[in-house]
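The block underneath contains the structure these notes are about, expressed in structure tokens.
Residue numbers (this note's numbering): 269 to 403.
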């Protein structure tokens with residue numbers, strides 16, 4: 269059986285990895301984007317302004333990684349949202365829907381005990397490269 273190629277995605281327009289993982293990995297046409305928190309690329313710090321500001325920054329960071337992989341938000345088919353406080357669910361949704369406005373990806377959302385750097389939200393994604401058609 270022939271090996272399946274794997275491409276590691278990196279962009280300086282999103283936070284540099286803080287651990288032993290890649291910003292994203294592409295296998296075949298599938299893009300696996302690591303969880304993004306609301307970290308400002310320039311300062312390396314979480315953005316001020318609470319869960320909505322962190323959600324916006326996390327999704328903006330994700331967008332840069334998606335672009336580096338050759339796609340955009342419309343290619344995302346699944347997200348996982350990790351919340352420090354599940355009561356922030358509606359506040360996160362208010363921002364989330366400005367990035368995903370049609371053909372929403374499948375999604376899971378969980379409250380967790382803690383997130384890296386004390387973040388309030390972390391979002392990961394799976395996307396598919398190339399054009400997608402709705403059936």
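Built from N, CA and C at the ideal position, the CB exists for glycine as well. Keep in mind the model is a prediction, meaning the values are calculated, not measured.
- request: Ignore the nearest five residues each way along the sequence and tell me which others in residue 324's own chain have a CB closer than 6 Å to its CB.
  value: 363
Discussion item. I'd like the list of long-range same chain contacts for residue 272, defined as Cβ closer than 8 Å, with 5 residues on each side in sequence excluded.
Written reply: 295, 296
Straight-line CA distance for residue 319 to residue 360?
-> 7 Å
Of all the beta strand (DSSP E) runs that stay within the bounds of the region 359-385, which reach a length of 3 or more residues?
374-379
Compare the Cα-Cα distances from residue 330 to each of 400, 403, 395, 401 and report the closest residue.
395
Which residue comes first and which comes last in the alpha helix (DSSP H) that contains residue 430? Any question about residue 430 goes unanswered here, given that the chain covers just 269 to 403.
Please list the terminal residues of the continuous alpha helix (DSSP H) segment that includes residue 302.
It is not in any alpha helix (DSSP H) - residue 302 instead sits in the beta strand (DSSP E) that spans 298-305.
What residue range is occupied by the uninterrupted alpha helix (DSSP H) comprising residue 319?
318-337
task: Take residue 356 and list the residues in its own chain whose beta-carbon comes closer than 8 Å to its own, dropping the five residues that flank it on each side.
output: 319, 388, 389
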